[in-house]
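Below is one structure, written out as structure tokens; the observations come after it.
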Amino acid sequence: MSRPILPIARTGQALLAAGRYSAVALGAIALVAGSAQAAGPARFGWVSYSGSDGAAVPADSYRNPILAGYHPDPSIVRVGADYYLVNSTFSWFPGIPVFHSRDLVHWRQIGNAIDRPGQLDFTGRAISEGVFAPAINYHAGRFYIVNTCVRCGGNFVITATNPAGPWPIRCSCGVSRGSTRRCSSIPTARRG
0 MSRPILPIAR TGQALLAAGR YSAVALGAIA LVAGSAQAAG PARFGWVSYS
50 GSDGAAVPAD SYRNPILAGY HPDPSIVRVG ADYYLVNSTF SWFPGIPVFH
100 SRDLVHWRQI GNAIDRPGQL DFTGRAISEG VFAPAINYHA GRFYIVNTCV
150 RCGGNFVITA TNPAGPWPIR CSCGVSRGST RRCSSIPTAR RG
């Protein structure tokens with residue numbers, strides 16, 4: 000194990016000579032570096048997460064983030080007294096979880112917008128080649144999610160009358176970079 004430590008020792012000698020670190024600090028750095036190299040990669044036989052994030056918060060407070068864990072790029076729509084949230088899932092399946100809340104603090108997952116392999120094919124896709132930042136909206140009794148799937152179909156729109164699903168793909172635009180093609184099979188929602 001002395002061979003990998005030699006470059007560290009030479010660097011340490013130069014830093015010590017320049018007066019930038021003490022001999023004790025450099026010795027500790029060499030010891031840690033040598034131990035890490037000797038130990039090899041970390042391996043775990045089992046990992047368990049209980050979801051315990053601490054003591055309960057007072058009734059007039061909430062814990063942030065409201066959705067702990069892996070829920071990036073949230074999009075929320077309000078429909079009456081209900082709120083619905085979707086978020087990115089990249090190339091993980093099932094994709095685009097759909098959550099429900101009445102108070103924007105307590106959320107419950109009610110489904111996934113991408114829950115059937117025939118909707119989008121993530122086979123062989125890298126994490127950066129999936130679905131990013133979905134946007135959820137509501138108009139005239141129908142929910143809409145607009146999204147893109149990098150390298151597996153391009154832009155698409157899915158709709159449902161029930162936010163828990165099912166969410167069939169209504170329009171797969173397949174728009175590539177520089178294209179001006181539009182999804183014309185989806186009715187335009189008027190704002191007002």
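Each residue of the sequence shown is one higher than the one before, counting from 0 in numbering that gives the first Met the number 0. The beta carbon of each residue, even a glycine, is placed where N, CA and C say it ideally should be.
Nearest to residue i (by Cα), restricted to the options the options
i, options, result
"A112", "A67, P162, V78 and C151", "P162"
"W56", "G79, R124 and V104", "In the sequence as displayed, the identity of residue 56 is Val instead of Trp. With distances taken between Cα atoms, V56 lies closest to V104."
"A159", "I144, G153, V149 and G152", "I144"
"G79", "G140, F155 and V46", "G140"
"F142", "W45, F92, I65 and Y83", "Y83"
"I65", "W106, P116 and A41", "W106"
"V85", "A41, A58 and H70", "H70"
C-alpha distance - residue i paired with residue j, whole-angstrom precision
i, j, result
"S74", "A134", "5 Å"
"I95", "N63", "21 Å"
"Y137", "G110", "17 Å"
"G39", "Y61", "42 Å"
"R124", "P116", "13 Å"
"V270", "F43", "What the structure shows of the chain is the stretch from 0 to 191, and residue 270 is not part of that stretch, so it cannot be assessed."
"M0", "V46", "Note that M0 has pLDDT 43, beneath the 50 cutoff, so the model's placement of it is unreliable and the number below is only indicative. Going from the Cα of M0 to the Cα of V46 covers about 31 Å."
"T147", "W166", "15 Å"
"A54", "A41", "31 Å"
Nearest-angstrom Cβ-Cβ length linking residue i and residue j, presumed shorter than 8 Å
i, j, result
"G129", "S90", "3 Å"
"D114", "G152", "So it is not a contact: roughly 16 Å between Cβ atoms."
Close Cβ partners of residue i (< 6 Å) along its chain, the five nearest in sequence each way excluded
i, result
"A132", "D72 and S87"
"V149", "E128"
"Q108", "P96 and F98"
"D120", "C151"
"L92", "The sequence shown places Phe at residue 92, rather than the Leu named in the question. Counting only Cβ-Cβ distances below 6 Å, and skipping sequence neighbours, we find F121."
Residues of its chain near residue i, where Cβ-Cβ distance is below 7 Å and the 5 sequence neighbours each way are ignored
i, result
"I168", "Q118, F155 and I157"
"I126", "F89 and S90"
"P186", "Confidence at P186 is low in this model, with a pLDDT of 43, below 50, so its placement is unreliable and the value that follows should be read with caution. None."
Neighbourhood of residue i by C-beta distance below 8 Å, restricted to the same chain and skipping five residues each side
i, result
"D81", "H99, S100 and R101"
Any C-beta of chain B under 7 Å from that of residue i
i, result
"V85", "Note that chain B does not occur in the displayed structure, where there is just one protein chain."
*Mind listing, in chain order, the continuous beta strand (DSSP E) runs of no fewer than 3 residues lying wholly within the region 41-119?*
Restricted to the region 41-119, the beta strand (DSSP E) segments that are unbroken, complete and at least 3 residues in length are 74-78, 81-85, 94-100 and 107-113, listed in chain order.
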